[in-house]
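Here is the structure we will look at, set down as structure tokens.
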Amino acid sequence: MGSTSIPCLWITFCIHLCCFMDTGKAQNAKEVILLDSKAQQTELEWISYPPSGWEEISGLDENYTPIRTYQVCQVMEPNQNNWLRTSWIEKGDAQRIFVELKFTLRDCNSLPGVVGTCKETFNLYYQETDSEVGRNIRENQYVKIDTIAADESFTQGDLGERKMKLNTEVRIIGPLSRRGFYLAFQDVGACIALVSVKVYYKKCWSIIENLATFPDTVTGSEFSSLVEVEGMCVSDAEEEADNSPKMHCSAEGEWLVPIGKCICKAGFHQKGDACEPCGRGFYKSSSQDLQCSRCPAHSYNDREGSWRCDCEDGYYRGLSDPPSVACTRPPSAPQNLVYNINQTTVSLEWSPPADTGGRNDVTYRIMCRRCSWEPEECVPCGGNVGYSPQQAGLVDTYVSVVDLLAHANYTFEVEAVNGVSDLSRTQRLFAAVSIATSQATPSQVSEVIKERVQQRSIQLSWQEPEQPNGVITEYEIKYYEKDQKDRIYSTVKSRSTSATVNNLKPSTAYVFQIRAFTAAGYGTYGPRLEVTTKEEASATIVSSEQNPVIIIAVVAVAGTIILVFMVFGFIIGRRHCGYSKADQEGDEELYFQCTKTYIDPETYEDPNRAVHQFAKELDASCIKIERVIGAGEFGEVCSGRMKLPGKRDMSVAIKTLKVGYSEKQRRDFLCEASIMGQFDHPNVVHLEGVVTRGKPVMIVIEYMENGSLDAFLRKHDGQFTVIQLVGMLRGIAAGMRYLSDMGYVHRDLAARNVLVNSNLVCKVSDFGLSRVIDDDPEAVYTTTGGKIPVRWTAMEAIQYRKFTSASDVWSYGIVMWEVMSYGERPYWDMSNQDVIKAIEEGYRLPAPMDCPPGLHQLMLDCWQKDRADRPKFDQIVGILDKMIRNPNTLKTPVGTCTRPISPLLDQSTPDFTTFRSVGEWLEAIKMERYRDNFTAAGYSSLDSVARMSIEDVMSLGISLVGHQKKIMSSIQTMRAQMLHLHGTGIQV
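When you line the sequence shown up against mature numbering (1 follows the signal peptide of the UniProt record, and there is no 0), it's residues -26 to -1, 1 to 962, in that order.
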């Protein structure tokens, strides 16, 4: 076919674009379109260089609407370099930009005579600027996004049958820091039509959730980043105490599970997404109440938005009464007041009031007044009068009033009171009675003094009672031994205010009480006075002789008791002795060969049975979600607290199943819990339980404070010693050894799926891709489809979809490389196809910077092509243990295999001493895009380059971490070659 026939075929294809255009989908409401070439019907007028390269043409879509497209088909000439640049795109608030390309590509095999010149890919670039930069295209100013390849290409036969293959590819760029950017497309010799270019970013649109307004929010700059947004309460709402409203905007433009909420203020209730005032005759006293309530009895309001109701006239609400209590009034007077008088003591009894005022807190108080014989001349009784049980706050309907004066007139008032009596302005209601007392006995002798104490006698004196109530003719002294109490007592009479009591026992405690006598009779005994007689001399001698015996006896008894407790404590201590995994934190970890075998939950006819067999069901009330920390495949990942009955509350991580799930999604979500519930190892994340009987459905696991291992290492780049990193690797290997011994294949072992707690203990997690293997060690699990993580996956698993513990060992080697490079991306910016090709050719990743040779050799052993030659996890744990115990072994390769492996790039790295310029060196390591950066900074010779540090490389404006380390790795090799061959004196 001639060179002119290919464009003709291409134009024919473009005219009939409607034959293969897809029907399209409705615009996603989460996307903000910055550029859509398909929506522009006029000429796009993008910049094409050279002009003979990309060509703008017209076509029709599926609705016969004209659209503008670009095509290029310079396949007959070699070394094509055709560039197409879009108009300037202002990014707005976006940080992370999506580029959707729809294109068709001609199969090179269908174009005769173009072998070696035809390509089936093109390159996508971008350039950040703050404004338009003119029409010139300078290639070195663009940053490459990716090489775009077609999933499907078409042939000449497809043209005839109108079966064009439309490819759709989406790429992401960001974070962006300038006001806008250009996109550029580089053709290197393909026959391709760029049907449409759509550029957009994602945002979470404004929403009202839990009475809080969340504004439009642009998604974060990273795929896994979450943007935390504080909500603002709607009108007449307020934040719940210590629970301010928050939501997280995911990278996909979706709002995640809300944390906290707003609640309607007092006087307002929720209706939809707003707070409305309570109507007339209704109230809401607190924001914690859900709904407005009708005014309680004897209260009202005549305005909207009330938090309480006012009481009707004559009714009151107590100071401690909540607004929900009905208004009440004071009680009526007590009924049927009667009394009984006994000399100077009056007993009063009454019946409850007929009307309690609508309350049940009725009590009684007594008012006592002493009146003269003239009417209306009464004064309060004062403090000399006693009340039993009390004067006010009486619950029972009786009281005794004592110590009244003899031959006196008294008036007693009994008032019923309740919680609103003191608020009432109406006249008090009470029952009253007037009483005249008769002759009374004397009051108590209150003050007694011991004058003299002897061995067998005690002399006492006292004062006359305050109220003699007549002439006192004698006093009676009652006494008894303290140990006998008052069961056996004696009395002594005295006509004066003193007396001597004789015939007492030495060294004995006695109790004395005294009462007075008048014509009315004896008064009551006064308070008790305790006095001990003196000791006799003989008694002192006996006591001193007995003291040592008593002391010896006490000491002996105490010693016996202590001995018994020691023996008992020893027995109890022995009963609690035992092996604890918490004690095995160092090199001497005890490891038991586990005979337990993993059971695949998919073998259960009812998957729910597997969940309940292996996972503990938790009460949802025991789980409190505090904040969102990430997004998973099925919903949000949160942190929170778990408080089980009888146990301390603990921090946990909570995976939630998002609303609107299907039954299949629910089974798949809980399948991970069925898997995790079978594991119990300090280096495997522990399952606490599941919540399947409430919403949301949750998987609760232990909380790992430092998150995923890759992000943790990137955050703390260069801050750990080699032994600390080896300790992390040892923990991961121990967890994988446990899983392997159970007959379990992980399939997705990577640093992102390893979690780190506050003690830097690493634990294997994320069992979403994991599968079981049979007892046969050579058995494999073969998948029928699905994506696999190419950069972490063994060759046989990529090619044949066969996974074993040996393929997990390969993945573990990649994890080792990630750890020693502090979370760098394996194979840097190489495409997946380039990675697969390099591995097949025998290349392997080189040692990370400052990685000891012993560790890199172990990595290479894990990447042996023949899986039978790879070490077992048990061997890996043993090697790492030796390295930890003897760090010198890190310097010497201690592998399990003898077959040589060439690290990636080693065989392709040329002799740096043969290069004549910095440009040739950069081109050899495929970093020629930075040629101008080196030249502008004055690095004109390889000698000056060989002296560069990582800080020097960063100062050139090289921001991609993978490119920084690739250049530094090459510089280190250059140093070694120069030192060995030329002796330049550059220190390695």
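Don't be surprised by glycine CBs; every beta carbon is placed ideally from N, CA and C.
Margin query: Using only the alpha-carbon positions, how far apart do K737 and M710 sit?
Written below: 9 Å
Next item on the list: Figure out for me which residue from L378, Q69 and M928 has the closest Cα to the Cα of L150.
Entry: For the options L378, Q69 and M928, the alpha carbon positioned closest to that of L150 is the one of Q69.
Notebook entry, point to check: Can you tell me where the beta strand (DSSP E) with R145 in it begins and where it stops?
Noted result: N141 to I147
Check: From C178 to M206, what distance separates their C-alpha atoms?
Finding: 16 Å
Checklist line | Start and end residues, alpha helix (DSSP H) containing N907 | finding: R905 to A910
Check: D460 to A328, Cα distance in whole Å?
Finding: Distance between the alpha carbons of D460 and A328 is about 47 Å.
Item checked: Cβ neighbours of S195 in the same chain (closer than 6 Å, five flanking residues each side left out) -> Q69, R70, G148 and P149
Notebook entry, point to check: Which value, in whole angstroms, describes the spacing of the CA atoms of G108 and K940?
Noted result: 34 Å
Item checked: Presumed contact (8 Å Cβ cut-off) between T411 and I315, rounded CB distance -> 7 Å between Cβ atoms; contact.
Check: From this set, V919, C345 and K76, which residue's C-alpha is nearest A123's C-alpha?
Finding: K76
Check: By Cβ distance below 8 Å, which residues in the same chain neighbour S298 in space, the five residues on each side in sequence not counted?
Finding: S259, S267 and P270, listed in sequence order.
Next item on the list: In the DSSP assignment, find the unbroken alpha helix (DSSP H) run with E792 in it and report its ends.
Entry: S779 to M794
Next item on the list: State the start and end residues of the unbroken beta strand (DSSP E) segment that holds A473.
Entry: First-last of the beta strand (DSSP E) with A473: S472 to V475.
Next item on the list: Determine the contact status of I782 and V719, defining contact as a CB-CB distance below 8 Å.
Entry: It is worth fixing the name first, because residue 782 is Asp in this sequence and not Ile. For D782 and V719, yes; Cβs fall inside 8 Å.
Notebook entry, point to check: Is Q54 near Q45, with beta carbons less than 8 Å apart?
Noted result: no
Checklist line | For I233, three-class secondary structure by DSSP | finding: strand
Note to self: For the alpha helix (DSSP H) containing N56, name the first residue and the last one.
What the structure shows: No alpha helix (DSSP H) holds N56; the beta strand (DSSP E) holding it covers N56 to R59.
Margin query: Taking its Cβ as the centre, do 16 or more other Cβ atoms sit within 10 Å of A584, making it buried, or is it exposed?
Written below: Its Cβ being crowded by 16 or more others within 10 Å, A584 is buried.
Next item on the list: Specify, as a first and last residue, the run of the alpha helix (DSSP H) that L896 falls within.
Entry: V892 to A898
Item checked: Extent of the continuous beta strand (DSSP E) run through S714 -> First-last for S714: V696 to D715, but that is the alpha helix (DSSP H), not the beta strand (DSSP E).
Item checked: Pairwise C-alpha distance: H243 and V407 -> 55 Å
Check: Contact check, M678 vs V730 under 8 Å by CB: the rounded distance?
Finding: 6 Å
Margin query: Helix, strand or coil for K598? Go by DSSP, reduced to three states.
Written below: strand
Check: Applying the criterion that 16 or more other CB atoms from any shown protein chain within 10 Å of the CB defines a buried residue, is H690 buried or exposed?
Finding: Within a 10 Å sphere around the beta-carbon of H690 sit fewer than 16 other beta-carbons, which makes this residue exposed.
Note to self: So the candidates are A307, S915 and P363; which of them puts its Cα closest to the Cα of N392?
What the structure shows: It is A307.
Notebook entry, point to check: On the three-state DSSP scale, how would you describe G828?
Noted result: helix
Next item on the list: For the segment 200 to 216 and the segment 82 to 98, state whether three or more C-beta atom pairs, one from each stretch, are separated by less than 8 Å.
Entry: no
Next item on the list: Please determine, among V89, V664, I146 and T91, the residue with the shortest C-alpha to C-alpha distance to Y99.
Entry: Nearest option by C-alpha distance: I146.
Next item on the list: Less than 8 Å between the CB atoms is what I'm expecting for L434 and A473, so what's the real figure, rounded?
Entry: 6 Å
Checklist line | Bounding residues of the beta strand (DSSP E) (the contiguous stretch that carries D161) | finding: G154 to D161
Notebook entry, point to check: Counting Cβ pairs closer than 8 Å, one from the segment 226 to 234 and one from the segment 179 to 187, do we hit at least three?
Noted result: yes
Notebook entry, point to check: Would you call Q309 buried or exposed, if buried means 16 or more other Cβ atoms sit within 10 Å of its Cβ?
Noted result: With fewer than 16 other Cβ atoms within 10 Å, it is exposed.
Margin query: Can you look up G959 in the DSSP assignment and give me helix, strand or coil?
Written below: Here G959 scores only 38 on pLDDT, less than 50, and its place in the model should not be relied on; the value that follows carries that caveat. Coil at G959, not helix or strand.
Notebook entry, point to check: Would R343 pass as a contact of V353 if the rule is Cβ separation under 8 Å?
Noted result: yes
Check: Taking C-beta to C-beta, are G692 and V674 nearer than 8 Å?
Finding: no
Checklist line | Complete beta strand (DSSP E) runs within the segment 592 to 641 (minimum length 3 residues, chain order) | finding: Segments of the beta strand (DSSP E) lying fully in the segment 592 to 641: 597 to 605, 610 to 616 and 624 to 630.
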